[in-house]
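Each residue of the sequence shown is one higher than the one before, counting from 56 in the working numbering. In this text, a Cβ means the ideal position worked out from N, Cα and C, and glycines have one as well. These numbers were taken from a predicted model, which means no experiment stands behind them. First comes the structure, then the notes that go with it.
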Amino acid sequence: MSKLVYYLLPCVFTLALVLSAIQLSASSRADEPPVIPVGLDAYRMWDRWPYQRIGVRAYMRSTYDRTGGNEGADASHFLYQLADDNNVSLDVEGPGVLYFVRTNHWHGSPWRYTVDGKEHIVLETSTADPSHPVEDSTFIPKELFPPPLAYTWSTTKGADLNWAPMPFEKSLRMGYSRTHYGTGYYVYHQFVPGTKLSRPIKAWDGTKRPDNRIIALLSRSGSDIAPKYDGVTTKCGSGSAVPSPDGWRLPIQQITEAPSTLRALEFSAPREHALSLGRSRLRIWWDGRKEPSIDAPLALFFGAGTLYNRDNREYLVKAFPVNIRFDKEKVRLSCYFPMPFFKSARFELTGNGTPIPDLQYNYRYQRYKGPINHAGYFHATYRDIPTPERGKDMVLLDTRGIEGSQDWSGSFVGMSWIFSHDANLGTLEGDPRFFFDDSQSPQAQGTGTEEWGGGGDYWGGRNMTLPFAGHPCGARDAKSAKNEEDKIESAYRFLLADLMPFGKNARIQLEHGGTNESTEHYESVVYWYGLPSPSLVKTDTLKIGDRASESAHRYFSPSASASYEIDSRYEWGVDHLGPVEIYPLHKDIGRTTTGASKFSLKLEPNNWGVMLRRKLDYQYPNQRADVYVADIESSSPSYSDSSAKAVARQPSTSTSTSTSTKWRKAGIWYSAGSNTCVFSNPREELGATQHIAQTSNRRFRDDEFLIGRNLTRGRKAIRVKIVFTPVKRPLFSGHPIPPLAWSEIRYDAYCFVMPKAPDLKGSP
């Protein structure tokens with residue numbers, strides 16, 4: 056053996072140990088969920104956009120018309136009124152973060168934010184004389200809501216928008232002081248207790264200005280925000296696209312240095328070829344998968360329905376993750392969504408007609424250092440809907456079955472969509488409705504299409520572009536359009552801090568017109584991250600009123616009512632469109648209780664917390680309960696299929712847990728409001744508050760509660776106790792309080808688990 060080999064062997068051995076330790080560390084980390092950026096960290100740590108949000112649930116509530124129609128343009132439907140100047144539109148218990156608030160103009164101001172029981176007044180400078188609004192208005196206190204985290208109506212062309220995070224430890228309530236055209240929607244997150252967060256949740260106290268570094272970061276929207284150094288590789292290409300059988304194709308080099316994250320993707324072409332460039336199509340395949348995860352028209356992928364620049368602006372789109380910029384000679388398109396891949400990335404740009412000369416591209420990527428199952432593939436799913444179905448929402452994304460996988464774990468992070476090819480703004484009354492992880496109720500329900508795009512009152516027919524929302528193209532109306540391209544109306548909405556995680560599936564729907572009656576031609580690109588593996592697994596279902604299911608789950612509720620049949624609907628849109636019934640009634644069976652309910656549920660032991668989903672009868676207002684969890688003790692009957700059969704023939708009230716059961720509190724389960732709301736929309740800006748009770752025929756609702764991992768991890772089953780704690784509050788002063796009860800129709804147990812890493816075998 057040579058001396059060189061002799062001396063090198065210890066080094067090689069040491070290196071092998073280090074690599075082994077790194078691999079073991081990565082493997083160990085792969086078994087645990089990644090840290091969740093919260094509050095302002097969600098902006099600061101934007102490079103973690105692709106990472107799994109295991110243990111996080113997102114909700115979007117609003118002032119929507121409870122009947123599924125478009126009354127008052129979905130304005131002024133309140134959960135309840137505490138006073139004439141305190142009309143409550145959002146009411147949440149448990150820890151969380153409010154990430155976004157949108158109102159129409161200044162309507163509703165002064166707004167009352169009650170965080171952990173302490174009220175904070177937020178105003179807008181048009182509040183003092185709302186009949187004569189102030190241009191360039193600001194929020195008050197101004198220093199707490201600076202742009203680009205917050206904008207008012209003169210900038211957005213119709214809405215007050217606020218992305219400044221507002222954490223709460225125990226509860227959050229929002230009330231409008233004035234109710235004329237009081238429309239709004241709100242996005243908030245809640246977390247499984249014990250989830251690893253980037254920082255503890257500390258209640259917003261109304262005193263601290265957002266970090267200047269966050270303001271500086273978001274102010275860079277429209278510029279190159281992605282890293283350029285520290286291990287970043289840059290590749291460039293140029294030349295004319297080559298002819299192909301269907302038109303032309305631009306060959307782009309495949310990346311095989313992996314695992315890596317694509318950090319920038321940019322295209323440019325001469326200005327005179329902008330329209331052709333916008334009509335071309337971008338396709339990207341990750342890790343040799345059979346189907347492209349990105350497959351979309353180029354203009355719409357970069358945030359605009361067309362690359363026609365009607366007023367010669369520098370920026371058609373000046374958003375945080377994408378931008379479209381015109382200089383004297385070229386149109387330049389840039390995308391900065393982080394896009395991880397683990398073995399390879401293949402790109403393709405194609406188009407019809409004559410090849411585009413001097414078409415250039417460049418991209419940058421850097422090594423991905425985390426476990427493969429911590430981040431999802433970036434997707435841009437395109438839908439072309441020339442003739443929407445009357446009465447039914449358009450489904451812009453349904454992840455079930457995409458790329459051959461039924462289950463996906465990831466996050467919905469935005470949309471870019473065309474809502475008219477004929478400069479028709481009337482279609483903007485359509486509401487967004489989003490469903491996640493088998494829920495039959497929309498976890499996100501909005502108030503209109505232009506509201507979702509960050510505007511109000513159809514943006515007044517004007518264009519605007521902001522970091523996370525915009526209406527970049529389209530004339531005021533068909534008469535004022537300069538050409539056919541100018542009639543293409545589009546909008547975008549990007550979600551960063553307010554992204555919406557899912558652990559099994561996502562269904563993104565958009566109403567076309569106020570009652571799904573529009574016949575406009577829609578096109579959309581939905582942006583989302585996902586791994587083809589679930590992080591939320593359903594492990595058990597208890598059907599209340601079903602004797603066998605109640606016995607199998609040892610359901611025990613001495614104060615429960617007799618089971619009763621309910622004939623109703625979920626909130627899915629209008630029931631009828633003219634004489635045609637769209638959503639028929641369906642039947643289910645449930646009970647109510649004014650005391651406590653106990654039951655057992657099976658779990659996946661290797662869980663990271665549990666989501667309980669309850670189907671309830673929403674006619675009972677403000678359902679609130681304390682939730683307790685206990686281990687299923689060895690002295691109790693084992694929870695197995697055999698024991699379930701043994702007790703199935705017994706009355707549901709004959710089995711209970713031992714008096715020695717140790718119950719630990721899991722939190723408060725609260726469902727604010729009911730299918731009866733209060734409507735107040737006076738015609739005048741300062742009109743007196745109205746007290747109009749409205750009851751919809753939608754009594755079915757799915758609601759969720761998160762159980763901490765300290766109560767569930769390592770357990771095959773748990774015992775759950777629900778103790779009803781009535782909220783004796785009228786809909787408004789003087790209105791009778793209806794019967795109060797906790798409603799139970801069905802309980803589903805979903806366990807948060809780590810998704811599996813994608814199968815990379817056989818990929819190039």
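Among Ala680, Asn765, Ser735 and Lys816, nearest to Glu799 - alpha-carbon criterion: Mapped onto the sequence shown, residue 799 falls at position 744. The shortest C-alpha separation from Glu799 is found at Ala680.
Residue burial classification, Pro810 (beta-carbon count within 10 angstroms, cutoff 16): Translated into positions along the sequence shown, residue 810 becomes position 755. Burial call: buried.
Ala804, DSSP secondary structure in three states: Reading the sequence shown from its first residue, position 749 is the one you call residue 804. Three-state result, Ala804: strand.
Test item: CB-CB of Trp218 and Phe549 under 8 Å: As a working note, residue 218 is residue 163 in the sequence shown. As a working note, residue 549 is residue 494 in the sequence shown. No, they are not a contact pair.
Top-ranked residue by Cα proximity to Arg592, from Ile91, Ala85 and Gly110: The residue given as residue 592 occupies position 537 in the sequence shown. Residue identity differs from the one stated: residue 592 is Val in this sequence, not Arg. Among Ile91, Ala85 and Gly110, the Cα nearest to that of Val592 belongs to Gly110.
Thr234 in three-state terms, based on DSSP: Position 179 of the sequence shown, counting from 1, holds the residue named residue 234. Coil at Thr234, not helix or strand.
Span separating the alpha-carbon of Lys290 from that of Asp382: Working through the sequence shown from its first residue, we reach residue 290 at position 235. Working through the sequence shown from its first residue, we reach residue 382 at position 327. Computed Cα separation, rounded: 22 Å.
Beta strand (DSSP E) segments (min. 3 residues) lying fully within the segment 354 to 430: 370 to 373, 377 to 381, 385 to 390, 394 to 396, 400 to 406 and 415 to 422
Closest Cα partner of Lys534 within the set Arg770, Thr482 and Asp477: Position 479 of the sequence shown, counting from 1, holds the residue named residue 534. The option with the nearest alpha carbon to Lys534 is Asp477.
Sequence-distant residues of the same chain with beta carbon closer than 7 Å to Leu751, five excluded per side: Position 696 of the sequence shown, counted from the start, is the residue given in the question as residue 751. What sits at residue 751 in the sequence shown is Ser, not Leu. Within the same chain, Ser751 has close Cβ partners Arg121, Thr122 and Asn730.
Rounded C-alpha distance that separates Val93 from Asp758: Mapped onto the sequence shown, residue 93 falls at position 38. Mapped onto the sequence shown, residue 758 falls at position 703. Cα to Cα, Val93 sits roughly 23 Å from Asp758.
Backbone CA spacing between Ile176 and Asn407 [nearest angstrom]: Within the sequence shown, residue 176 is the residue found at index 121, counting from 1. Within the sequence shown, residue 407 is the residue found at index 352, counting from 1. Going from the Cα of Ile176 to the Cα of Asn407 covers about 56 Å.
Status (buried if at least 16 other CB within 10 Å, exposed otherwise) for Ser788: As a first step, residue 788 must be located in the sequence shown, where it is residue number 733. So Ser788 ends up on the exposed side.
Cutoff 8 Å: Tyr437 Cβ touching any chain D Cβ: No chain D is part of this structure, which consists of one protein chain only.
Span of the alpha helix (DSSP H) around Glu506: Within the sequence shown, the letter at position 451 stands for residue 506. That run of the alpha helix (DSSP H) goes Thr504 to Trp507.
Burial state of Ala183 (16 or more Cβ within 10 Å): Locating residue 183 in the sequence shown gives position 128, where the first residue counts as 1. Ala183 should be labelled exposed.
Pairwise C-alpha distance: Ala128 and Gly633: As a first step, residue 633 must be located in the sequence shown, where it is residue number 578. As a first step, residue 128 must be located in the sequence shown, where it is residue number 73. Cα-Cα distance, rounded: 19 Å.
As assigned by DSSP and simplified to three states, the class of Ile307: Counted from its first residue, the sequence shown places residue 307 at position 252. If DSSP states are grouped into helix, strand and coil, Ile307 belongs with coil.
Within 8 Å, strictly: CB atoms of Glu148 and Tyr683: Reading the sequence shown from its first residue, position 93 is the one you call residue 148. Reading the sequence shown from its first residue, position 628 is the one you call residue 683. No, these two residues do not count as a Cβ contact at 8 Å.
Buried versus exposed call for Lys653 [16 or more other C-beta atoms within 10 Å across all chains shown]: By 1-based counting over the sequence shown, the position of residue 653 is 598. Lys653 is buried by the Cβ-count criterion.
Within 8 Å, strictly: CB atoms of Ile310 and Ala400: Taking the first residue of the sequence shown as 1, we reach residue 310 at position 255. Taking the first residue of the sequence shown as 1, we reach residue 400 at position 345. Yes, these two residues count as a Cβ contact at 8 Å.
Start-to-end residues for the alpha helix (DSSP H) that takes in Asp215: Here residue 215 refers to the residue found at position 160 when the sequence shown is read from its first residue. Premise fails: Asp215 lies in the beta strand (DSSP E), Ala214 to Asn217, not in any alpha helix (DSSP H).
CA-to-CA distance, Ala374 to Gly510, given in whole angstroms: Reading the sequence shown from its first residue, position 455 is the one you call residue 510. Reading the sequence shown from its first residue, position 319 is the one you call residue 374. Taking the straight line joining both Cα atoms gives about 15 Å.
Local Cβ density within 10 Å of Asn661, reported as buried at 16 or more and exposed below that: Within the sequence shown, residue 661 is the residue found at index 606, counting from 1. The residue is exposed, with fewer than 16 neighbouring Cβ atoms inside 10 Å.
Cα-Cα separation, Ala435 to Phe397: Along the sequence shown, read from residue 1 onward, the residue named residue 435 stands at position 380. Along the sequence shown, read from residue 1 onward, the residue named residue 397 stands at position 342. Each residue's Cα considered, the two are about 18 Å apart.
For Leu480, three-class secondary structure by DSSP: Your numbering for residue 480 matches position 425 in the sequence shown. Looking at Leu480 - three-state DSSP - the assignment turns out to be helix.
Exposure of Gly481, with buried meaning 16 or more beta-carbon neighbours within 10 Å: Position 426 of the sequence shown, counted from the start, is the residue given in the question as residue 481. Exposed: under 16 other Cβ atoms inside 10 Å.
CA nearest to the CA of Gln674, picked from Arg719, Gly628, Asp622 and Val629: Taking the first residue of the sequence shown as 1, we reach residue 674 at position 619. Out of Arg719, Gly628, Asp622 and Val629, Asp622 has the C-alpha closest to the C-alpha of Gln674.
Alpha-carbon to alpha-carbon, Thr158 and Ala862: The structure shown has nothing for residue 862, since the chain only spans 56 to 819.
Straight-line Cα distance separating Glu190 from Ala113: As a working mapping, residue 113 is identified with position 58 in the sequence shown. As a working mapping, residue 190 is identified with position 135 in the sequence shown. About 34 Å.
Cβ contact (3+ pairs, closer than 8 Å) linking the segment 656 to 670 and the segment 769 to 788: yes
Residues that DSSP places opposite Arg809 in a beta bridge: By one-based count along the sequence shown, residue 809 stands at place 754. Strictly speaking, residue 809 in this sequence is Met, with Arg absent from that position. Its beta-bridge partners do not exist; DSSP assigns none.
Buried versus exposed, by CB contacts within 10 Å (16 or more), Ser278: Along the sequence shown, read from residue 1 onward, the residue named residue 278 stands at position 223. Flag for Ser278 reads exposed.
Other residues of its chain near Tyr206: CB distance less than 7 Å, five sequence neighbours each side excluded: Taking the sequence shown and counting its residues from 1, the one referred to as residue 206 is at position 151. Once the five neighbours on either side are set aside, the close Cβ partners of Tyr206 are Leu216 and Leu521.
Exposed unless 16 or more other CB atoms sit within 10 angstroms - verdict on Gly469: Working through the sequence shown from its first residue, we reach residue 469 at position 414. Its Cβ being crowded by 16 or more others within 10 Å, Gly469 is buried.
Contacts around Pro376, its chain only, beta-carbon distance under 6 Å, and the 5 residues preceding and following it disregarded: As a working mapping, residue 376 is identified with position 321 in the sequence shown. For Pro376, where only same-chain residues beyond five positions count, the Cβ hits under 6 Å are Tyr391, Phe392 and Phe549.
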